[in-house]
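A.B. asks: Once you've had a glance at the structure underneath, I'll fire off some questions.
This is the structure:
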């Protein structure tokens, strides 16, 4: 089956073919994993939102939360032993299409600040709401970490 190990106050199971990825110093993920690394190097990154490693929303605006969300994704990829160029797919969920469209210049600037000129496959969905009330954006990602 797998090994059980302690992460914060919660026991996590590490399956033979799957490894839970949790960046060092982050508050524990409760009832989900931030990242799951498969034996073949595929890294599945759960939906990330614009809070910091302590689950605090410092930024209240779309651009600030977008930057934090992208940084969270990079932190998970780094914790798995990869880098931004290993990211193959991003799926964006945004609550306000008009704000996203009105801030295209800032979106591009912040994206390049975090991801450089790396452009993986992407999709964007406009949704009514997110589970965390303060969240304005959520992004899922897939990466391939070659060792």
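Numbering (this note's numbering), first residue to last: 160 to 306. No residue lacks a Cβ here, since even glycine has one placed at the ideal position from N, Cα and C.
How about residue 297 and residue 208: are their beta carbons less than 8 Å apart?
C.D. replies: Going by C-beta atoms, residue 297 is nearer than 8 Å to residue 208.
A.B. asks: Sort 220, 240, 246 by Cα distance to residue 253 and report the nearest one.
C.D. replies: Checking every option, the nearest Cα to that of residue 253 belongs to 220.
A.B. asks: Contact check, residue 180 vs residue 200 under 8 Å by CB: the rounded distance?
C.D. replies: Between residue 200 and residue 180 the Cβ distance is about 12 Å, and since that is not below 8 Å, they are no contact.
A.B. asks: Could you pull out every residue in the same chain whose Cβ sits closer than 7 Å to the Cβ of residue 265, ignoring the five residues on either side in sequence?
C.D. replies: Taken in chain order, the residues that qualify are 222.
A.B. asks: Please go through the segment 198 to 244 and give each complete beta strand (DSSP E) segment of 3 or more residues, from N-terminal end onward.
C.D. replies: 201 to 208, all fully within the segment 198 to 244.
A.B. asks: With C-beta atoms as the reference, is residue 243 less than 8 Å away from residue 216?
C.D. replies: Contact: no.
A.B. asks: For residue 283, which residues of its own chain have a beta-carbon under 7 Å away from its beta-carbon, when the five flanking residues on both sides are left out?
C.D. replies: Correct list, in chain order: 251, 253.
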